[in-house]
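Residues in the sequence shown are numbered consecutively from 20, following the working numbering. Encoded as structure tokens, the structure appears first; notes follow it.
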Amino acid sequence: MKEEMKDHEVENNQSQTETQTTENPVIENEIMTDESIPTPEDNEDLDSHESDNQQLDESFATIDDAIKVIAELQMKLRSAHKEAEDQKDKVLRLQADFDNFRKRKAKEQTDTVRFANQELLLNLLPVLDNFSRTLDAIEKTDNLTAIKEGIGLVDNSMRLQLSKIGLEPIECVGKPFDSEIHEAISSFEVEDESRKGLIIDEVEKGYRYRDKVIRFSKVIVGE
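This is how it looks when you write it as structure tokens:
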């Protein structure tokens with residue numbers, strides 16, 4: 020009887036042990052499950068990671084914008100460089116044109132000075148022709164009247180050509196002495212009171228060129 024009771028106790032103990040063994044895995048599983056639940060620290064790490072990803076995305080967006088801006092600036096720089104080159108070419112062409120113009124004007128001025136008397140010489144050529152004809156006539160004839168007429172024609176031709184360019188003789192004999200146009204080289208006593216202060220003779224004829232006295236008349240004045 021006692022042995023049966025011992026066997027029954029042993030069975031109960033084994034049954035309890037199995038029950039505990041069966042229940043322990045559940046507890047362990049429950050503990051493991053609790054450990055797998057994210058803690059507040061884990062949530063902070065996740066938020067930090069997401070924030071880093073967001074900042075990384077924003078940085079990529081900023082780089083794209085920067086690349087676009089740089090591309091636009093490069094285009095503007097190329098455009099400005101081309102415009103600067105065009106302006107430089109224009110300046111160089113204008114400078115070359117101005118240099119050519121300056122040289123041309125300088126040459127024209129030099130030629131104007133060099134050939135300033137060309138028109139006058141052309142006008143005097145007929146006078147030289149008349150002189151030559153007069154000299155030939157003098158060699159061929161003894162007629163003084165014809166010679167005088169030839170010399171008179173030459174003189175008139177010369178005066179005509181000179182008057183065309185503005186040269187005019189100063190008439191002075193019988194006129195009052197004027198120091199602005201006359202130069203007294205001598206004086207002569209006159210009995211007639213009305214002739215005192217007047218020019219009684221002309222030694223060298225004076226001339227005006229376009230209203231300017233270029234040579235004073237050298238005269239003798241009565242006193």
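We put the CB at the ideal spot given by N, CA and C, even for glycine.
Go ahead and pull the three-state DSSP assignment for F243. Only positions 20 to 242 of the chain appear in this structure, which leaves residue 243 out of reach.
Those runs of the beta strand (DSSP E) which lie wholly inside the stretch 172-208 and span at least 3 residues: 186-189 and 201-207
If distances are taken between C-alpha atoms only, which option among S198, I218 and I200 comes closest to S206? Checked all of S198, I218 and I200; the closest Cα to S206 is I218.
Assign T129 to one of two classes, buried (16 or more other C-beta atoms within 10 Å of its C-beta) or exposed (fewer than that). exposed
In the DSSP assignment, what residue or residues form a beta bridge with G5? The chain is shown only over 20 to 242; residue 5 falls outside these bounds and no answer can be derived.
Pick helix, strand or coil for K215, following the three-state DSSP scheme. coil
Thinking I200 and F235 are a contact (beta carbons under 8 Å), I'd like their distance in whole angstroms, please. 6 Å
Would you be able to state if there are at least three C-beta pairs under 8 Å between the stretch 178-196 and the stretch 162-170? no
If distances are taken between C-alpha atoms only, which option among S176, R133 and L141 comes closest to T153? Selection S176, R133 and L141 evaluated against T153 yields S176 as nearest (Cα-Cα).
How far does the alpha helix (DSSP H) with A9 in it extend, from its first residue to its last? The structure shown does not extend to residue 9, since the chain is modelled only from 20 through 242, so no value can be given for it.
Three-way DSSP call (helix, strand, coil) for S55 in this model: Confidence in S55 is poor, its pLDDT being 47 and thus under 50, which makes the residue's placement unreliable; the coordinate value appears in the next sentence. It is helical.
Here's a check: name, in chain order, each residue in its chain whose Cβ is nearer than 8 Å to the Cβ of Q114, leaving out the five neighbours to either side. Cβ within range, chain order: n/a, list empty.
Around the Cβ of F196, are there at least 16 other Cβ atoms within 10 angstroms (buried) or fewer (exposed)? Buried.
C-alpha distance - L139 paired with K159, whole-angstrom precision: 31 Å
So for D84, helix, strand or coil by DSSP? helix
Ignore the nearest five residues each way along the sequence and tell me which others in L172's own chain have a CB closer than 7 Å to its CB. N149
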